[in-house]
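Counted the way mature numbering (1 follows the signal peptide of the UniProt record, and there is no 0) counts, the sequence shown spans residues -22 to -1, 1 to 503. The C-beta atom is built at its ideal place from N, Cα and C for all residues, glycine as well. The structure presented is a predicted model; accordingly, all values stated were derived computationally and were not measured. For reference, the structure discussed in these notes is given below.
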Amino acid sequence: MKKFLALTIVAMLALACIPASALDLLSGADTYPLNSDKTITWYAESNLNPHEKYADWTESPFHTGLSEMLGVNIEWIIPTAGSTGSVFTNTLLADPANLPDIMMTYWMNDANLYLEDGIIWDLTPYIQEYAPAYYAFLQSNPAYDRAMKTDEGQYYTFGFFREDGGWNDTYLGPVIRTDWLEECGLEAPKTVSEFENVIRVFNEKYGAKFSFAWSRFQSTGISGAFGAFGASDETWFVQDGVVDLAQAQPEWRTYVSWLNKLWEEGLLDQDSLSLDDTSIKAKVHNDQVGISITSMGQLTNWNNERVADGKEPVWAGIQYPTGDDGTLSMVFGGPGIGTQTGVITTSADEETMKLCLQMLDYAYTAEGFLYWNFGKEGVSWEYGEDGEPQYTELLANDTDTDPVTKYGGATWGATCIQATKLLYEKNSEAAIAANDIWFYPNEDVTSYWKWPVGATFTLDESDELSLIGQSIGTYCTESFANFLTGAQDIDDDAAWEAHLESLKSHNYEEIKEIRQDCYDRYVAR
């Protein structure tokens, strides 16, 4: 097992390692509790919703416990059930003078705009004094530091980091029913042709189809086997220092053509466009799926639910398929730096802003690191004989889905460092083994291709993109669906040329130029 607090961080273009442990790098927690009589409003656009068993945050041990650990009253603001986080955020922005003190949002690309408009604080003059643990953590690795400031060097945000960098970020990949593999006399597929053969054999023998929750597929799927860099979502990638759009590449055309073939032959589940993690389970547990794309957490759930039903746990991860020539352009992953970060708004006066800095800094201290990941010591976790955190019976025996999210806030992403140990405790051995096979053989292609987290547009670029960049994402999604289902023939050259012209009409070339300039500045930081 990986050393509990050994940090391995994927840098912007290359892997960079920190020799010390995270606890060595983070300050002590003797500052806390702060014992303030202020009430701080804290907004989380996503990832920090109370566990589904609770009516709201006032019942959540993590949310209420954080106030206790910090010694500050917190009034949490969380999008209402069924609402879209980004829409809720925009609603708050309609009244910029009365924003929550702390906002966890996806504002990194437009940070300069929010700084210039006076919506968020420039933390540069204060960060070393009032957030010493966080500042020390950023200085421990240039990739972290680079991502958390603007091109001009202004610190403005608190980030989400994965302790083991790319390993934690490659949490999703192909899975297969091992019992069916054995019954059919097959080996785990390694190439895309072998992958397709398994789909066909499983369909012929069991009537099963290649199926997945759409959220687990829409970003990339297995596009790397075709030399492509995306599936349905608008995806800007970097190759040899050049920024481009996945949906404008001939390799993407080849990938979607292959998917369309499966669709037309009834091998790809036509419900997949509307399936989510919950609805796909009926197919998984009724033997309608034998090969899929899913996450560590869902793989754990699928096997656990089989065991609860008196069946064997048969799901296991398999390698991302390569092209038949053995090449692989990318796999789902990242550098271990999240895109949702925490800012302090100017609705907080200077005194309140300094308090917010101290509150946010807590997550990067030794004590705060443990609380954000595991909850309160003696309640949800305690030290085992090996000196590492382990769950108490309260949590270990909790049969609810993702019970750790009742007590900790690092599972999905927040202003903190996600411990690798959290993923080991949360997931099954089969899921951990799956993540190993998704990541380690493909380490070189997990993040180099991604648009860098923390790149910031200039004011002019943000203004221009707000005018010309709003429709291309929708077009990419719609064109993928049309090509996938055969509503448009992706193999028809005229249809493909029309697609490229449509991208141009959605300002593809202008957006590409802006992103290239932004990327070049980021590299030069």
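Check: Near residue 96, what residues of its chain come up, given a Cβ to Cβ distance below 7 Å and the 5 sequence neighbours on each side ignored?; Outcome: 324
Check: Kindly give me the distance between the Cβ atoms of residue 139 and residue 386, rounded to whole angstroms, as I take these residues to be in contact under 8 Å.; Outcome: Contact doesn't hold; Cβ gap of about 15 Å is too wide.
Check: Residue 367 by DSSP, collapsed to three states: which one?; Outcome: strand
Check: Given that a residue counts as buried once 16 or more other Cβ atoms are within 10 Å of its Cβ, and exposed if not, what is residue 220?; Outcome: exposed
Check: Could you tell me if residue 361 is buried or exposed, where buried requires 16 or more neighbouring beta carbons within 10 angstroms of its beta carbon?; Outcome: exposed
Check: Let me confirm a value: residue 482 is counted as buried when at least 16 other C-beta atoms fall within 10 Å, else exposed. Which label applies?; Outcome: exposed
Check: Taking all protein chains shown into account, decide if residue 176 is buried (16 or more other Cβ within 10 angstroms of its Cβ) or exposed.; Outcome: buried
Check: Measuring CB to CB, does residue 216 end up less than 8 Å from residue 416?; Outcome: no
Check: Ignore the nearest five residues each way along the sequence and tell me which others in residue 494's own chain have a CB closer than 6 Å to its CB.; Outcome: 221
Check: Roughly how many whole angstroms lie between the Cα atoms of residue 251 and residue 152?; Outcome: 17 Å
Check: Round the Cβ separation of residue 411 and residue 268 to the nearest angstrom and send it over; I've been treating them as touching at under 8 Å.; Outcome: The pair is not a contact, with the Cβ atoms about 19 Å apart (cut-off 8 Å).
Check: Could you tell me how far apart the beta carbons of residue 241 and residue 206 are, in whole angstroms, since I believe they sit closer than 8 Å?; Outcome: Rounded, the Cβ-Cβ distance is 17 Å, inconsistent with contact.
Check: Going by the beta-carbon positions, is the gap between residue 321 and residue 184 smaller than 8 Å?; Outcome: no
Check: Return helix, strand or coil for residue 275, following the three-state DSSP convention.; Outcome: helix
Check: Less than 8 Å between the C-beta atoms of residue 431 and residue 202, yes or no?; Outcome: no
Check: Please list the terminal residues of the continuous beta strand (DSSP E) segment that includes residue 322.; Outcome: 319 to 322
Check: Helix, strand or coil: which one does DSSP assign to residue 262?; Outcome: helix
Check: Figure out for me which residue from 286, 195, 491 has the closest Cα to the Cα of residue 459.; Outcome: 195
Check: Please name the residue, chosen from 446, 468, 465, that lies closest to residue 507 on a Cα-to-Cα basis.; Outcome: Any answer about residue 507 is impossible in this case: the structure gives the chain only from -22 up to 503.
Check: Output the distance between the C-alpha atoms of residue 80 and residue 20, rounded to the nearest integer angstrom.; Outcome: 5 Å
Check: Buried or exposed: which applies to residue 276, given that a residue is buried once 16 or more other Cβ atoms fall within 10 Å of its Cβ?; Outcome: buried
Check: Identify, in the order they occur along the chain, each residue of the same chain with its Cβ nearer than 6 Å to the Cβ of residue 83, setting aside the five sequence neighbours on each side.; Outcome: 23, 67
Check: I'd like the list of long-range same chain contacts for residue 400, defined as Cβ closer than 8 Å, with 5 residues on each side in sequence excluded.; Outcome: 351, 352, 382, 386, 388, 389
Check: Mind checking residue 375: buried by the 16 CB within 10 Å criterion, or exposed?; Outcome: exposed
Check: So what does DSSP say about residue 447, is it helix, strand or coil?; Outcome: coil
Check: With the cut-off set at 8 Å, would you say residue 141 and residue 343 are in Cβ contact?; Outcome: no
Check: Take the Cβ of residue 124 as the centre, count every other Cβ of all protein chains shown within 10 Å, and call the residue buried at 16 or more, exposed below.; Outcome: buried
Check: Can you tell which of 262, 310, 300, 308 has the C-alpha that lies nearest to the C-alpha of residue 289?; Outcome: 262
Check: Tell me the DSSP secondary structure of residue 28 in three-state form.; Outcome: coil
Check: Using the Cβ count rule (16 or more neighbours within 10 Å means buried), how would you classify residue 485?; Outcome: buried
Check: Could you check what DSSP says for residue 191 in three-state terms: helix, strand or coil?; Outcome: coil
Check: Enumerate in chain order the residues of its own chain whose CB-to-CB distance from residue -19 is below 6 Å, with the five nearest sequence positions on each side excluded.; Outcome: In this predicted model, residue -19 has a pLDDT of only 27, less than 50, meaning its place in the structure is not dependable; the value taken from the coordinates is given anyway. Answer for residue -19: 366, 399, listed in chain order.
Check: By DSSP's criteria, residue 63 is part of a beta bridge. Which residues make up the other side?; Outcome: According to DSSP, which records beta bridges pairwise, residue 63 is partnered with nothing at all.
Check: Who does residue 294 pair with in a DSSP beta bridge?; Outcome: 154
Check: For residue 405, which residues of its own chain have a beta-carbon under 7 Å away from its beta-carbon, when the five flanking residues on both sides are left out?; Outcome: 274, 275, 278
Check: In its own chain, which residues sit with a C-beta less than 7 Å from the C-beta of residue 235, not counting the 5 before and 5 after it?; Outcome: 468, 469
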